[in-house]
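Listed in order, the protein sequences are those of chains A and B.
Counting from 0, one number per residue, gives the positions in the first sequence under numbering that gives the first Met the number 0.
Counting from 0, one number per residue, gives the positions in the second sequence under numbering that gives the first Met the number 0.
Using N, Cα and C, we set each Cβ at its ideal position, and we do this for glycine too.
To keep things clear, I will list the structure first and then write my remarks on it.
Number of protein chains: 2
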Amino acid sequence: MAKLDFGPIADTTRRAEIVALLRRAILTGQLEPGQKLNELRIAEQMRVSRAPLREAMRELVQEGILTSIPYAGTFVIDVTAKDIDDAYSLNKVLDEFAIERTWKLRDQRFFDELDSRHEAVKQATRALDTTRQIETALQLHGLIYEWADNSVLLETWQRLISRLQMYFALHQRARNEPVPAEDVHETYVRLLKGADMRAAQRHAREHIDLDFEELLAYARGLEQRTSKG
Amino acid sequence: MAKLDFGPIADTTRRAEIVALLRRAILTGQLEPGQKLNELRIAEQMRVSRAPLREAMRELVQEGILTSIPYAGTFVIDVTAKDIDDAYSLNKVLDEFAIERTWKLRDQRFFDELDSRHEAVKQATRALDTTRQIETALQLHGLIYEWADNSVLLETWQRLISRLQMYFALHQRARNEPVPAEDVHETYVRLLKGADMRAAQRHAREHIDLDFEELLAYARGLEQRTSKG
DNA sequence: GACAAGCAGATTGTCGACAATCCTACAAGA
DNA sequence: TCTTGTAGGATTGTCGACAATCTGCTTGTC
Numbered sequence: 000m001a002k003l004d005f006g007p008i009a010d011t012t013r014r015a016e017i018v019a020l021l022r023r024a025i026l027t028g029q030l031e032p033g034q035k036l037n038e039l040r041i042a043e044q045m046r047v048s049r050a051p052l053r054e055a056m057r058e059l060v061q062e063g064i065l066t067s068i069p070y071a072g073t074f075v076i077d078v079t080a081k082d083i084d085d086a087y088s089l090n091k092v093l094d095e096f097a098i099e100r101t102w103k104l105r106d107q108r109f110f111d112e113l114d115s116r117h118e119a120v121k122q123a124t125r126a127l128d129t130t131r132q133i134e135t136a137l138q139l140h141g142l143i144y145e146w147a148d149n150s151v152l153l154e155t156w157q158r159l160i161s162r163l164q165m166y167f168a169l170h171q172r173a174r175n176e177p178v179p180a181e182d183v184h185e186t187y188v189r190l191l192k193g194a195d196m197r198a199a200q201r202h203a204r205e206h207i208d209l210d211f212e213e214l215l216a217y218a219r220g221l222e223q224r225t226s227k228g
Numbered sequence: 000m001a002k003l004d005f006g007p008i009a010d011t012t013r014r015a016e017i018v019a020l021l022r023r024a025i026l027t028g029q030l031e032p033g034q035k036l037n038e039l040r041i042a043e044q045m046r047v048s049r050a051p052l053r054e055a056m057r058e059l060v061q062e063g064i065l066t067s068i069p070y071a072g073t074f075v076i077d078v079t080a081k082d083i084d085d086a087y088s089l090n091k092v093l094d095e096f097a098i099e100r101t102w103k104l105r106d107q108r109f110f111d112e113l114d115s116r117h118e119a120v121k122q123a124t125r126a127l128d129t130t131r132q133i134e135t136a137l138q139l140h141g142l143i144y145e146w147a148d149n150s151v152l153l154e155t156w157q158r159l160i161s162r163l164q165m166y167f168a169l170h171q172r173a174r175n176e177p178v179p180a181e182d183v184h185e186t187y188v189r190l191l192k193g194a195d196m197r198a199a200q201r202h203a204r205e206h207i208d209l210d211f212e213e214l215l216a217y218a219r220g221l222e223q224r225t226s227k228g
């Protein structure tokens, strides 16, 4: 008989669902940076009272993707080039640490999961689903954090990807180009399976730098435009 | 005429004050790990309705010092040896990064602030005020994060010190010993003023390791006791 | 026309009450 | 004895309404 492993049951509070809905709207760019969230309107749309909505918004404020000014409102965070720069430079450091911690803990299950997530990225890429592509790519990247066996590190990473996902989504929406067909994660996955930890760490740095430059350029353009307007 | 630099005005929402009150109670150990927070009772004590209290609790949950289970309650997080280990190992990495980023930005104001915070620690030590000593020591340590000019890094650090402060406070309360009179931060401050960045980074690691070992031993003892009971 | 005072209108912050859920104790049945 | 079902009380989750605050406009004065 197969070993059943019941996971925790789904959160059944309205608050949790609101958090999920709002987060998704923000991370996919449906709610744009700087935009104000009108409590009454959103509550009506969701057929929910303002109490759980406000609690949900508090969570997202602490998560770093909303910002709140007393008696003025709650807004989607603005994306500045410096924010992206900050997030990425920290991400590099964390990546190195995560790889180091994960390295000795790699096993067959790790490699299987790595392949599985890699496959998910490729599938989203083939389907030209940019939103899903970003999601899956970040999940692929997040495996080393989940495997590092350090809950604080994992939390930190999860806070970071919220923003990164938002940045990427904005970038993609702005470009509105078909996704590159090549498999940019091939090397990353291969190195994580290999024996040279330093090489994997180095690649993580450089691989990130690649997308990073594009993002930064986009963000700088954004700022110039908005400062003109 | 001196340049006036008006800081932001105080938050005037009840929510913000509740957050401050609760956070302080948790970080000083007045609310013990694992303890349940009864909304009705706390609301009555603070002469406040449950709405702002619940929002405040949501923030602290996201901050990582409370944990919430739907329909069951909100609890102060438990302190396990692994949590401390995780937090500290990440802290080492972040310290190194913060020092690196700060190094080139050091100026006279930095050195002055460093001395000022160092003095605050010494003063709290002389006054035998352990709670304040922990606070000031963490603030001294946090200067490199404030100076690193990386908002994401700073946020991450602030999330970390919430827990560290809680751990330290518990430790101190448990020992209930007079605080060591020697100045353990002397070398740290001197190296941050010096010219050898690597040395400063190395010391940050080792300096932390020192207190860390004590904390870990304490936490392990705690866990054994609770598993027995 | 410029500027300050003051008045709606809209929006956020807070409150008290109700609904949904959980935990405990206890009884009934196998 | 162990399990299962079932009230009862306590606590959390949610709602609708009221209070506090901000914003933009209007009005009046110079």
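Quiz item: Is it the case that the Cβ atoms of residue 86 (chain B) and residue 159 (chain B) are separated by a distance below 7 Å?
Solution: yes
Quiz item: In its own chain, which residues sit with a C-beta less than 6 Å from the C-beta of residue 136 (chain A), not counting the 5 before and 5 after it?
Solution: 120
Practice problem: Following the continuous alpha helix (DSSP H) through residue 235 (chain B), name the residue where it begins and the one where it ends. | Solution: Only positions 0 to 228 of chain B appear in this structure, which leaves residue 235 (chain B) out of reach.
Quiz item: Residues of chain B with CB under 9 Å from residue 33 (chain A), in chain order?
Solution: Per Cβ cutoff of 9 Å: no residues; residue 33 (chain A) is ~17 Å from chain B at best.
Exercise. Would you grab the beta carbon distance between residue 99 (chain B) and residue 196 (chain B) for me? Rounded to a whole angstrom, and I think it's under 8 Å.
Key: 7 Å
Practice problem: With distances taken Cα to Cα, identify the nearest neighbour of residue 75 (chain A) among A:139, A:211, A:174 and A:63. | Solution: A:63
Quiz prompt | At least three beta-carbon pairs within less than 8 Å, the region 14-23 of chain A to the region 41-55 of chain A | solution = yes
Quiz item: Which two residues bound the contiguous beta strand (DSSP E) that contains residue 78 (chain A)?
Solution: Taken as a continuous stretch (DSSP letters only), residue 78 (chain A) belongs to no beta strand (DSSP E), as it is neither H nor E.
Practice problem: May I ask you to list, following chain order, the residues of the region 188-219 of chain A that have a beta carbon less than 9 Å from some beta carbon of chain B? | Solution: none
Quiz prompt | Integer Cβ distance of residue 202 (chain A) from residue 214 (chain A), believed to fall under 8 Å | solution = With 8 Å as the limit, residue 202 (chain A) and residue 214 (chain A) do not qualify as a contact, their Cβ atoms being about 19 Å apart.
Exercise. Can you tell me which of B:66, B:148, B:93 and B:102 puts its alpha carbon nearest to the alpha carbon of residue 31 (chain B)?
Key: B:66
Practice problem: Using a Cβ cut-off of 7 Å (strictly closer), state whether residue 151 (chain A) contacts chain B. | Solution: yes
Quiz item: At what residues does the beta strand (DSSP E) containing residue 65 (chain A) begin and finish?
Solution: 65-68
Self-check item: Element boundaries [alpha helix (DSSP H), containing residue 152 (chain B)]
Solution: 150-174
Quiz prompt | Element boundaries [alpha helix (DSSP H), containing residue 103 (chain B)] | solution = Neither: residue 103 (chain B) is in no alpha helix (DSSP H) and is coded neither H nor E.
Practice problem: Report the rounded CA-to-CA distance for residue 140 (chain B) versus residue 170 (chain B), giving the unit in angstroms. | Solution: 19 Å
Quiz item: Do you know how far the Cα of residue 57 (chain B) is from the Cα of residue 68 (chain A)?
Solution: 17 Å
Quiz item: Would a check of beta-carbon distances place residue 85 (chain B) closer than 7 Å to chain A?
Solution: yes
Practice problem: Could you tell me which of B:185, B:133 and B:157 sits nearest to residue 144 (chain B), measuring between CA atoms? | Solution: B:157
Quiz item: Could you give the residue range of the alpha helix (DSSP H) that holds residue 40 (chain B)?
Solution: 38-45
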